[in-house]
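Chains as they are written, first to last, in our numbering: chain A, 1 to 114; chain B, 1001 to 1111.
Here's the structure, in structure tokens; my notes come after.
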Amino acid sequence: GAGVSQSPRYKVAKRGQDVALRCDPISGHVSLFWYQQALGQGPEFLTYFQNEAQLDKSGLPSDRFFAERPEGSVSTLKIQRTQQEDSAVYLCASSPGPTNEKLFFGSGTQLSVL
Amino acid sequence: LAKTTQPISMDSYEGQEVNITCSHNNIATNDYITWYQQFPSQGPRFIIQGYKTKVTNEVASLFIPADRKSSTLSLPRVSLSDTAVYYCLATEGVRDDKIIFGKGTRLHILP
């Protein structure tokens, strides 16, 4: 595809449910980032991959959050036992190489936990 | 990672030139200044990047003085569609595992 694709666009979950958010980066892009954006705030870093290697996961809020990119392309962000405070937009971004000077973002997945 | 400080919000009028200033007092030698634009319900979009002096593209200009402790994003002749949040970032030019966004500047263009 022409850009970063995220699915689903919207997700409503009951508290305690597990959710999986998908990111399809631009083909061939080496780096992949996940961000969490609360309403009215800037994107908060969650985790970063270079190919299939997760190089930084320091931004993941708790051990309920897990991300993977097993083949160095598509990535999945999984949230277990969702809580209301997990409600946010989850953004995925990719960049062509290890020098991350220009990120290409998807439109995000808006997660609402009821 | 250099911390950046920018105004929370700004208003301007259609047709005006808008300048958004960003402070980054502890910028490192390897850091570049990068600006992103974000519209509602969309992810941020790269606008421009520079290291020093002036950079211009079809969207904006970026001015960085010699001491590099601040930078100014200049949007010429804004229109209503330029209403968005603008983020200033300091990112290491060689490699950066963690690209940090602040709260950005909410720019509101009035008719």
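From the three backbone atoms N, C-alpha and C, an ideal C-beta is built for every residue, glycine too.
Just so it is clear, the structure is predicted and the values come from calculations on it, not from any experiment.
Around the C-beta of Arg-69 (chain A), 16 or more other C-beta atoms lie within 10 Å, and the residue is accordingly described as buried. For Phe-1046 (chain B), the chain A residues whose C-beta falls within less than 8 Å of its own C-beta are Lys-102, Leu-103, Phe-104, listed in chain order. Within a 10 Å sphere around the beta-carbon of Thr-1005 (chain B) sit fewer than 16 other beta-carbons, which makes this residue exposed. According to DSSP, residue pairing for Ser-1061 (chain B) in a beta bridge involves B:Thr-1056, B:Ser-1074. Residues of chain B with a Cβ closer than 9 Å to the Cβ of Ala-93 (chain A) are, in chain order, Gly-1043, Pro-1044, Ile-1099. Listed by position along chain B, the residues whose Cβ is nearer than 7 Å to that of Gly-108 (chain A) are Gly-1043. The beta carbon of Gln-1049 (chain B) falls within 9 Å of a beta carbon belonging to chain A, placing the residue at that interface.
Taking a cut-off of 8 Å on C-beta distances, the segment 88 to 107 of chain A touches the segment 1046 to 1054 of chain B, as three or more cross pairs fall below it. Taking the Cα of Arg-15 (chain A) as reference, the smallest distance to any Cα among A:Arg-64, A:Ala-93, A:Ser-75, A:Tyr-90 is reached at A:Arg-64. Less than 9 Å divides the Cβ of Arg-22 (chain A) from the Cβ of Thr-76 (chain A). With a threshold of 16 other beta carbon atoms within 10 Å, Gln-6 (chain A) meets it and is buried. By the rule that beta-carbons nearer than 9 Å mark a contact, Pro-43 (chain A) touches chain B.
Taking the beta carbon of Lys-1103 (chain B) as reference, the chain A residues within 9 Å of it are Gly-40, Gln-41, Gly-42, listed in sequence order. Around the beta carbon of Gln-50 (chain A), a 10 Å sphere encloses 16 or more other beta carbons of the protein chains shown; the residue is thus reported as buried. Taking the beta carbon of Phe-49 (chain A) as reference, no residue of chain B falls within 9 Å; the closest one sits roughly 10 Å away.
Cβ atoms of Arg-1077 (chain B) and Ile-1027 (chain B) stay farther apart than 8 Å, at about 29 Å. In terms of Cβ geometry, Gln-1016 (chain B) and Tyr-1086 (chain B) do not form a close pair [threshold 9 Å]. For Val-12 (chain A), no Cβ of chain B is located within less than 9 Å of the residue's own Cβ.
About 11 Å separates the beta carbons of Tyr-1051 (chain B) and Thr-1091 (chain B), which is beyond the 8 Å limit, so they are not a contact pair.
Using a Cβ-Cβ cut-off of 9 Å, Phe-33 (chain A) is close to Lys-1098, Ile-1099 of chain B, given in chain order. Val-1018 (chain B) sits buried, since 16 or more C-beta atoms from the chains shown fall within 10 Å of its C-beta. If only uninterrupted beta strand (DSSP E) runs of at least 3 residues are considered, those enclosed by the segment 11 to 83 of chain A are 19 to 24, 31 to 37, 44 to 50, 53 to 56, 65 to 68, 75 to 79.
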